[in-house]
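If you're matching positions, the sequence shown starts at 37 in the working numbering and goes up one per residue.
Written below as structure tokens is the structure these notes are about.
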Amino acid sequence: MKSLTTALLALALGSCATRTSLEETSLARAGDFASGVERGRLVSDIDALVAAHQQDTPLPCDLFDDGTNSTRRPVCNLTRERSRQLVRERLESLGLSVTSQQVEDPRFPTTNVIADLRGTEHPEEVVVVGAHYDSFFLGADDNSSGVAALLEIARLASGQRFKRTVRFIGFDLEELGLVGSTRYVRAYPDERIVASIIFDCVGFRSTEPGSQQGLPGFPLPPRGDFIAVIGNEPSRTQLEELKLLGTQLQYVPVIGILTPQDGSGPASGNLMRSDHAPFWLTGKNALFLTDTANFRNPHYHQDTDLPSTLDADFLTGVTRLSAAGIAYWAEGPLP
């Protein structure tokens with residue numbers, strides 16, 4: 037997750053929610069789909085992604101003009117080549133249509149990995165699942181947890197049929213300023229996105245009192261045992277629907293946060309810290325799912341961000357909730 041310190045103003049979803057129920061058939065179908073998420077596969081994928089980062093060569097430190105000690109500075113420990121290869125190979129193995137969006141740049145070229153499961157009735161309407169695959173250090177939570185969730189939902193969706201297209205995107209260079217996602221939305225300005233889930237840091241849970249820090253301007257529960265689902269005004273409906281799915285299916289505690297208007301105001305900095313932000317800024321729907329990173333996880337952007345610090349049951353619950361949302365919005369799987 038990209039670092040920012042700007043204060044934010046956030047509104048609790050509970051204070052302004054208007055949606056009170058979900059269509060029963062779609063709810064049941066979404067729950068059945070989500071029940072297929074396997075804890076063991078998530079753990080295995082995180083281990084594989086962490087190993088990929090460990091075996092990779094970081095970006096040259098001289099690309100960055102900073103006097104900080106290079107042995108500790110996160111930007112001197114940024115890897116993405118091997119994790120990108122792993123993501124692409126895994127999506128291809130599922131039989132999905134995989135392409136690369138490559139942008140040449142003298143300093144920071146990027147490659148977004150894109151896999152489509154084409155819709156049967158409304159293929160022009162897209163439901164996006166996204167996560168950045170670049171990481172500082174070994175990046176177990178940030179963001180191997182998010183990539184593992186994406187890959188597991190892709191596994192479940194492959195071979196199924198949905199009315200709308202489901203698109204899986206591995207974003208490049210989120211850690212350097214949302215570079216890959218910004219280039220993605222610029223390349224597809226007319227894309228009809230019905231809903232999006234963007235994962236960034238979704239595997240760390242703590243039930244200890246005082247383990248959760250509040251976001252500036254928005255107090256949170258004292259225990260870091262929930263997933264934060266963050267939306268802006270254009271994605272209000274999807275935020276309400278995902279929170280209702282959480283209430284009905286009880287996979288994981290959910291805290292919904294709604295930013296004012298499009299989320300781009302000067303007070304919303306900490307709610308714009310990942311790849312959902314370029315979607316918001318171009319008027320596209322997107323929900324940001326996060327364990328709140330440094331507001332909970334002491335290993336954020338440290339060399340201690342290891343698989344042993346994660347809670348696999350929590351990640352499984354987050355992935356199931358997200359899978360249910362994707363199935364609900366994509367209208368499937370179909371018989």
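Where a beta carbon is used, it is the ideal one built from N, C-alpha and C, also for glycine.
Keep in mind it's a predicted model, so treat the numbers as computed, not measured.
Among the options, nearest to residue i - alpha-carbon criterion
{"i": "S257", "options": "V221, V290 and G282", "result": "The identity of residue 257 in the sequence shown is Pro, whereas the question assumes Ser. When only C-alpha atoms are compared, the closest one is V290."}
{"i": "A70", "options": "D341, T355, S171 and A322", "result": "T355"}
{"i": "V165", "options": "R309, R75, H337 and A185", "result": "A185"}
{"i": "N321", "options": "S171, D83 and H312", "result": "H312"}
{"i": "N148", "options": "V163, G131 and S119", "result": "S119"}
{"i": "S310", "options": "D98, T326 and D298", "result": "T326"}
{"i": "F254", "options": "G292, A223, A231 and L275", "result": "G292"}
{"i": "L95", "options": "P296, L130, A87 and F172", "result": "F172"}
{"i": "T243", "options": "D349, A363 and L122", "result": "D349"}
{"i": "G361", "options": "L323, V79 and D339", "result": "L323"}
{"i": "E211", "options": "M308, Q90, S344 and G76", "result": "M308"}
{"i": "S232", "options": "I266, R219 and F262", "result": "I266"}
{"i": "T201", "options": "A264, S133, Q248 and L275", "result": "S133"}
Through-space distance from residue j to residue i, alpha-carbon basis
{"i": "T115", "j": "G260", "result": "28 Å"}
{"i": "L317", "j": "G72", "result": "34 Å"}
{"i": "V288", "j": "G353", "result": "5 Å"}
{"i": "A363", "j": "T273", "result": "15 Å"}
{"i": "N113", "j": "S217", "result": "21 Å"}
{"i": "S136", "j": "G246", "result": "43 Å"}
{"i": "H158", "j": "V230", "result": "11 Å"}
{"i": "E128", "j": "T295", "result": "36 Å"}
{"i": "L285", "j": "L342", "result": "29 Å"}
{"i": "A223", "j": "Q138", "result": "11 Å"}
{"i": "E140", "j": "C97", "result": "20 Å"}
{"i": "E74", "j": "I189", "result": "10 Å"}
{"i": "N306", "j": "T146", "result": "24 Å"}
{"i": "D68", "j": "W365", "result": "14 Å"}
{"i": "L99", "j": "F331", "result": "29 Å"}
{"i": "G213", "j": "S300", "result": "15 Å"}
{"i": "L275", "j": "R219", "result": "25 Å"}
{"i": "F262", "j": "D339", "result": "24 Å"}
{"i": "S344", "j": "G76", "result": "14 Å"}
Whether residue i touches residue j by CB criterion (8 Å)
{"i": "D177", "j": "F235", "result": "no"}
{"i": "F207", "j": "H168", "result": "yes"}
{"i": "H337", "j": "P142", "result": "no"}
{"i": "L153", "j": "S194", "result": "yes"}
{"i": "E277", "j": "L58", "result": "yes"}
{"i": "P268", "j": "D298", "result": "The sequence shown places Asn at residue 268, not Pro. In contact: N268 and D298 (Cβ atoms closer than 8 Å)."}
{"i": "A359", "j": "L192", "result": "yes"}
{"i": "L346", "j": "I82", "result": "yes"}
{"i": "L174", "j": "V86", "result": "yes"}
{"i": "L78", "j": "L351", "result": "yes"}
Cβ-based neighbour list, residue i, same chain, cut-off 8 Å, excluding 5 preceding and 5 following
{"i": "L370", "result": "T156, Q196, R197, F198 and K199"}
{"i": "C237", "result": "M37, D177, D178, N179, S181, G182, T326, D327, T328, A329, N333 and Y336"}
{"i": "Q121", "result": "A88"}
{"i": "E117", "result": "D92 and T93"}
{"i": "V215", "result": "F144, T146, D208 and L209"}
Contact with chain B by residue i, beta-carbon distance below 8 Å
{"i": "P258", "result": "Given the protein chain composition of this structure (a single chain), no chain B is represented."}
Cβ shell of residue i (< 7 Å), same chain only, five flanking positions each side left out
{"i": "R228", "result": "E160, E161 and V162"}
{"i": "V221", "result": "P314, F315, T318 and K320"}
{"i": "Q90", "result": "L174"}
{"i": "P270", "result": "D298, G319 and N321"}
{"i": "T104", "result": "Low confidence applies here, because T104 scores a pLDDT of 48, under 50, leaving its location unreliable and the question unanswered by this model."}
Sequence-distant residues of the same chain with beta carbon closer than 6 Å to residue i, five excluded per side
{"i": "V123", "result": "V149, Y169 and G206"}
{"i": "L187", "result": "D81 and R126"}
{"i": "R203", "result": "D152, V162 and V164"}
{"i": "Q249", "result": "F331"}
Meets three-Cβ-pair contact criterion under 8 Å: the segment 270 to 284 and the segment 54 to 68: Cβ pair count under 8 Å is three or more, so yes.
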